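**Q**
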Amino acid sequence: MAEEKGFFKRLVSGLAKTRENIVSGMDSIFHGFSHIDEDFYEELEEVLIMGDLGVQATEEILDDLRAKVKERHIKEPQECRQILIDSIKEQMDVGETAYEFEEKTSVVMVVGVNGVGKTTTIGKLAGKLRAQNKKVVLAAADTFRAAAGEQLKEWANRAQAELIGGQEGSDPAAVVYDAVQAAKARHADVLLCDTAGRLHNKKNLMEELRKMNRIVDREYPEAFRETLVVLDATTGQNALQQAREFKEVADITGIILTKMDGTAKGGIAVAIQAELGIPVKYIGVGETIEDLQKFDADTFVDALFASPNDNE
């Protein structure tokens, strides 16, 4: 509980730039208008879209707001604040976000373009699983990025997880094959695979992911499967586009949003869940292992709208 409270505090401060960008704009509209009219809705729409909530989610949030204002005969702009908050939460509802891979023998593929913090995130995830006394094997199958193997080695040492592969330029599928054999031999709980660091050639990427998945299907059919895509929140709409493209080439089961503390574009979490229906499973608000936490939409929205003094 204390850890959760500590994270909420970090989340509130991590979302400071996003809050400044979205919430302060909204609040000035709620306080600046004396009645609810078309201009009021238009200004709100602009703030939401500029805050990277995405056009689709914004339209649906505002449709919902209009309907409720009419239905409840609301006259005061300030009364719209809570309706808007609830509506954002509704837009983000993707049902139960399961973390089954933590409870089962699992293979977790992690994809993401270079520079989003993918390898670091895998290291943090390994650390979190080790803290639950899970036996973790890491596969360094992003063999096209020179530093990826070295970086993963450092995290593997820190998390006391076994690392397989890491030779630059070696065949990613061969690394996954070796890692699967190692995971089986060591009775590992979770095999985390650092894969595919590029999207510019989708055909190759698709082929590569298919090949890796075939190997896991054949060699480790009993393993539970998860495919997570790591996105950098600071890139806003670009992150949403990457998620769409990865969704085309892989069966994405969840999203990890990194660098949330460094961005004013944290609203992208809303756009991703609302538009793609893929759950954001983890969110990163800092450098340490503790700063990678399971994502809960309600907590996220509460932290976004909290005043930094609310959470004492």
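For what it's worth, our numbering labels the leading residue of the sequence shown as 27, then goes sequentially. Here a beta-carbon is modelled for each residue, glycine too, at the ideal position from N, C-alpha and C. Just so it is clear, the structure is predicted and the values come from calculations on it, not from any experiment.
#1: Would A165 and L231 qualify as a contact pair, given that the criterion is a beta-carbon distance under 8 Å?
#2: Kindly list the residues whose CB is nearer than 6 Å to the CB of L74, restricted to its own chain and excluding five residues on each side of it in sequence; keep chain order.
#3: To the nearest angstrom, how far is it from the Cα of M118 to the Cα of R236?
#4: Report the three-state DSSP secondary structure of V206 (helix, strand or coil).
#5: Can you name, in chain order, every residue of its own chain whose Cβ lies under 6 Å from the Cβ of T260, other than the five neighbours on each side?
#6: Leaving aside the five residues before and after I148 along the sequence, list all residues of the same chain whose C-beta is less than 6 Å from its C-beta, in chain order.
#7: Excluding the 5 residues preceding and the 5 following E234 in the sequence, name in chain order all residues of the same chain whose CB lies nearer than 8 Å to its CB.
#8: For a quick check, are the C-beta atoms of G40 and V311 less than 8 Å apart?
#9: Hey, how far is the Cα of G170 from the Cα of E194?
#10: Distance, Cα to Cα, K161 vs R184?
#11: Return the first residue and the last residue of the beta strand (DSSP E) that A329 is part of.
#12: Find the nearest neighbour of A9 within the set S132, V327, A269, N264, judged by alpha-carbon distance.
#13: Out of V256, E128, V275, G293, point me to the one whose CA is closest to R45's CA.
#14: In its own chain, which residues sit with a C-beta less than 7 Å from the C-beta of V95, not counting the 5 before and 5 after it?
#15: Measuring straight from C-alpha to C-alpha, what distance separates T279 and A124?
#16: Would DSSP call Q193 helix, strand or coil?
#17: If you count every other CB in all the chains shown that lies within 10 Å of the CB of E252, and 16 or more means buried, which is it?
#18: In this structure, what does DSSP give as the bridge partners for C106?
#19: Just reading off the alpha helix (DSSP H) that S60 is part of, what are its end residues?
#20: Measure from the alpha carbon of P103 to the alpha carbon of each residue in S113, H213, L70, then state which is nearest.
#21: How many angstroms separate the CA atom of V306 from the CA atom of D65?
#22: Just to confirm, are G191 and A209 a CB contact at a threshold of 8 Å?
#23: May I have the straight-line CA-CA distance separating P247 from Y67, to the nearest angstrom?
#24: Count the other C-beta atoms from every protein chain shown that fall within 10 angstroms of the C-beta of T145, then say buried if there are 16 or more, exposed otherwise.
#25: Quick check: what's the CA-CA separation for M52 versus I109?
#26: I need the straight-line Cα distance from D215 to I282, nearest angstrom please.
#27: How many angstroms separate the CA atom of F56 from the CA atom of G77?
#28: What separation, rounded to the nearest whole angstrom, lies between the Cα atoms of H99 and L88?
#29: Do you know how far the Cα of F127 is from the Cα of F250?
#30: If we ignore side chains and look at the alpha-carbon of each, how far apart do R36 and I309 end up?
#31: Leaving out the 5 sequence neighbours to the left and right, which residues in its chain are closer than 7 Å to L189 when beta-carbon positions are compared?
**A** With the structure as the only source:
#1: no
#2: T84
#3: 30 Å
#4: helix
#5: K285, G288, T289
#6: V136, L218, D220
#7: P198, A199, T221, A222
#8: yes
#9: It is Phe, not Gly, that sits at residue 170 in the sequence shown. Distance between the alpha carbons of F170 and E194: 6 Å.
#10: 14 Å
#11: First-last for A329: 323-331, but that is the alpha helix (DSSP H), not the beta strand (DSSP E).
#12: As displayed, the chain neither begins before 27 nor continues past 338, which places residue 9 out of reach and without an answer.
#13: G293
#14: I62, C106
#15: 10 Å
#16: coil
#17: buried
#18: Beta-bridge pairing links C106 to no other residue.
#19: Taken as a continuous stretch (DSSP letters only), S60 belongs to no alpha helix (DSSP H), as it is neither H nor E.
#20: L70
#21: 33 Å
#22: no
#23: 52 Å
#24: buried
#25: 13 Å
#26: 21 Å
#27: 16 Å
#28: 16 Å
#29: 6 Å
#30: 12 Å
#31: L164, A166, L178, K179, A182
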